[in-house]
Structures are given as C-alpha cells and as structure tokens.
Amino acid sequence: MAATVADVVGESRVVVCTGSGGVGKTTVSAALALQAARTGRRAAVITIDPARRLADALGLGSLTNEPTRIAGDWDGELWAMMLDTKQTFDELITTYAAEPAQAERILDNRYYRNLSEALSGTREFMAMEKLYELTNDARFDLVVVDTPPTRNAIDFVDAPDLLTRFLRGRLFRMVVGSRMAKAVNATLQLFLRQIARVVSPEVVEDTITFLQAFEGMEEGFRDRADRVAELLADPRTSFVLVAAPRPEVVQEALDFTELLAERGLEVRSLVINRVHPSFGTDVDLVALNNERPRLAGTHAAPSLAAFDHLTRIAAAEAAQLDPLSAAVGDVPEVRIPLLDDDVHDLGGIDRVRAFLG
134 MAATVADVVG ESRVVVCTGS GGVGKTTVSA ALALQAARTG RRAAVITIDP
184 ARRLADALGL GSLTNEPTRI AGDWDGELWA MMLDTKQTFD ELITTYAAEP
234 AQAERILDNR YYRNLSEALS GTREFMAMEK LYELTNDARF DLVVVDTPPT
284 RNAIDFVDAP DLLTRFLRGR LFRMVVGSRM AKAVNATLQL FLRQIARVVS
334 PEVVEDTITF LQAFEGMEEG FRDRADRVAE LLADPRTSFV LVAAPRPEVV
384 QEALDFTELL AERGLEVRSL VINRVHPSFG TDVDLVALNN ERPRLAGTHA
434 APSLAAFDHL TRIAAAEAAQ LDPLSAAVGD VPEVRIPLLD DDVHDLGGID
484 RVRAFLG
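Heads up: the sequence shown begins at 134 in the numbering used here, then just goes up one per residue.
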C-alpha cells in the first residue's frame, strides 16, 4: 500500500478528487497535480465544478475548455482546464457525426440546444467524455479531476452506466429504429401520447427528432461510456476524499464513501483540510500542567488560556474525524492545518502540496 498521499498520486493514472463544497477540494486537486509535475510527470487538472475556483487558486484570470500549460520551476508539466459543457458536447457531435448534415441536424435541434446548456446531468456526461479525451491524450500521463461537491459527485461516477443503459434501453431503440417521428409503432405512440399530456407535443417531437438524429452514433457513445466505466474501476484510478472537521462535512464524506463502496469502488486517500493543530507532546503537556500554578496571574496567563482553547478545539475536531478515518480504512491520510490566508496563487498551492508527504 502507498505510504503517503503523494505516493498514491505517483502510482495513479487518474485521480478523482471529491469532497463537500467549501473544504478546499479545488486547491487540493491543484496541489495533487503540482505534486506530480514536481516529480517529472505531465499532469492535467480539470475542474467540472461550474464555479471558477481553479483559475482563482492558480492565480489565473480564466481557464478554457482546452488545457492551458502553467509555467513553473518543476521538472514535469502542469496543465489546467475548466469544463465547458456546451462546447464539449458540440465538439463531440461534430467529431462523431457520420456526415456534416447529421451534425447540423443535431446542433440545430431545439431539444439539443436546451440539453447542452443545462448544467444538471449533461455536465456529468460531458465530464465523462472529457476524461476519456484527456486520458487518451499523449501529452498527459496523469489526469486529476476536481469534481462538483459530493452531493453531485456520485452523478459523475454513475454517468457512464446511466448513458450505456439509456442507449441500450428499449425506448431509445424504438425511437431510433423509427425512421420518422410520425411513423413510430403503436406502443411508442401510446407512450408519447401520455408524455404529451404533461409537456407540449412540440417538445415531444423535438425530443424524438433529436434522438433519431443520433442514429449510427450510439455505438460510439456506448463504447466510450464503457471505457470510462472501466477506467473508473481501474486500479490506477484513485479516489481522493477531501474533508474538513465539521459535522455536516464528515457526514457527507461518510455517505459518499458508502456510495462508492456500493459501486465496488473505494477511497484511496483521505485529505483533511483546515485542521486546528495539536501543540506539544504528552511529555510537554505534563510539564506545562506542573507549571500552571506558578503561571496563574502572570503575563503568561492569557497565552495559556488561548492554548487551552485551541487544544480543546483540536481534540473536538479529532473526535469528529475518527469515524471517517475508520470508514475509509487503512489508506494514506494527511491533515493540513488551517492556514493564515487563502490560497490564490501557485505559491499557496505549493504550500498545500508540501503537506502531502
């Protein structure tokens, strides 16, 4: 087993960084990629979180849907990008359509335009496609994925299976097998009449036209979805869970760990961020306690009170985190202390990286 979080990164082809919102997950993702670059690897970090935190953490004005190389004094390479759902979907259609006319039919379809601009669901499918693209790009030997908060991260994990099941499902096969929307079979006609009671007939027709326009492309989509599912289950893909010593964050992390286990996946590393440090050893504390009567009422008393306060906080945080450490099992774990300022440039990311081991 890897001894440190840095060792896990060194052994991985893909690192999926997950965690609740507001725990520093994006910063840790960038730090993991920087760790790889400092050891000579060619690392790309991609954020699929719609918030622009990765660009902020790197001290950049913005990131695009194409990897941007970050200059620095490391032996390897560091690249970063931010998923653009619509652009990725458009490029996918253009690339895999059998002919330009097929791509044009899909891109001009009203249902497609609404779908490609929606954040829910579509973002996870396009993240899956972008991961497939990056892992097949010879420029990179490591891809670090900064996922949305854990409440949505499981959708990214489930996306390949959901897409495969849909494309192999009876409804899709019936629709695609019907050459014209008005020439579908009796069973599908009955189903569509029920749907039209809830949404307008125009929406139903747009949806059918959209699905039929995909005829001939579904095999490629299924194949890539299957490959991403295999990639997520590959031993060289590591899930790194980022948490913080807050009850609601710990509970979300426990829930996510359980959801991963249900899918035959496991957390490979645990990063606890923004922890109040413990001060001194047991021997130091015994010596300090022996001196308390003498220090009472002196100028050292306020400092001693502050020390006691921070010690209580650190103990409470440790107690909160114990169940999470137990749940993920015997995996590398690092606790990053609460820093005195926010991370907003590569220097700050490198400071976080130094704690990874």
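Using N, Cα and C, we set each Cβ at its ideal position, and we do this for glycine too.
Predicted, not measured: the structure shown is a model, and the values here were computed from it.
Exposure of Phe412 is indicated by the presence of fewer than 16 other C-beta atoms within 10 angstroms of its C-beta. With a cutoff of 7 Å on beta-carbon distance, Arg468 and Val408 are scored as near each other.
Shown here, Pro293 sits in a helix according to DSSP, grouped into three states. In the three-state scheme derived from DSSP, where H, G and I count as helix and E and B as strand, Phe273 is classed as coil. Distance between Leu443 and Leu457, taken at the CA atoms: about 22 Å.
Inclusion of Val290 and Val178 in the CB contact set at 7 Å is not warranted, their separation being larger than that value. In the three-state reduction of the DSSP assignment, Ser411 falls in the coil class. In this structure, the straight-line span from the alpha carbon of Gly205 to that of Gln168 is close to 12 Å. Going by DSSP, Thr137 is part of no beta strand (DSSP E) at all; its letter is neither H nor E.
For Val485, the enclosing alpha helix (DSSP H) starts and ends at 479-486. Between Lys263 and Leu216, the CB-CB gap stays under 7 Å. Of the other Cβ atoms in all chains shown, fewer than 16 fall within 10 Å of the Cβ of Asp474; this residue is therefore exposed. From the listed residues Gln384, Phe347, Arg379, the smallest Cα separation to Ala234 is found for Phe347. Phe389: member of the alpha helix (DSSP H) spanning 380-395, first to last residue. The C-beta distance from Ala376 to Ser153 rounds to 7 Å, short enough to fall under 8 Å. Excluding five sequence positions before and after Arg174, the CB atoms of its chain that fall closer than 6 Å to its own CB belong to Gly209, Asp274, Leu275, given in chain order. When C-beta atoms of the region 382-402 are compared with those of the region 140-156, three or more pairs fall below 8 Å, so the two segments count as touching. Asn406 counts as buried, since at least 16 other C-beta atoms from the protein chains shown sit within 10 angstroms of its C-beta.
DSSP places Gly154 outside any alpha helix (DSSP H), giving it a letter other than H or E. Here Arg357 is buried: its Cβ has 16 or more other Cβ atoms, across all protein chains shown, within 10 Å.
In this model, Glu450 and Thr340 are separated by some 51 Å (Cα to Cα). Apart from sequence neighbours up to five positions away, the residues of its chain that approach Leu479 with a beta-carbon distance below 8 Å are Leu167, Leu191, Gly192, Ile203, Gly205, ordered along the chain. In this structure, the alpha-carbon of Arg171 lies about 20 Å from that of Thr370. A direct Cα-Cα distance of roughly 44 Å separates Val161 from Gly430. DSSP, reduced to helix, strand and coil, places Arg186 within a helical segment of the structure shown.
One alpha carbon belongs to Ala366, the other to Leu398, and they sit about 7 Å apart. For the pair Thr218 and Met261, the CB atoms are not nearer than the 7 Å cut-off. According to DSSP, Glu232 shares a beta bridge with no other residue. By the Cβ-count criterion, Val464 is buried, with 16 or more other Cβ atoms from all chains shown falling within 10 Å of its own Cβ.
In the DSSP annotation of this structure, the continuous segment of the alpha helix (DSSP H) that includes Glu352 starts and ends at 351-366. Annotation: the continuous alpha helix (DSSP H) that includes Arg256 extends over 255-268. The beta carbon of Ala231 lies closer than 8 Å to those of Gly349, Met350 in the same chain, with the five residues before and after it left out. Here Pro470 carries a strand assignment [DSSP, helix/strand/coil].
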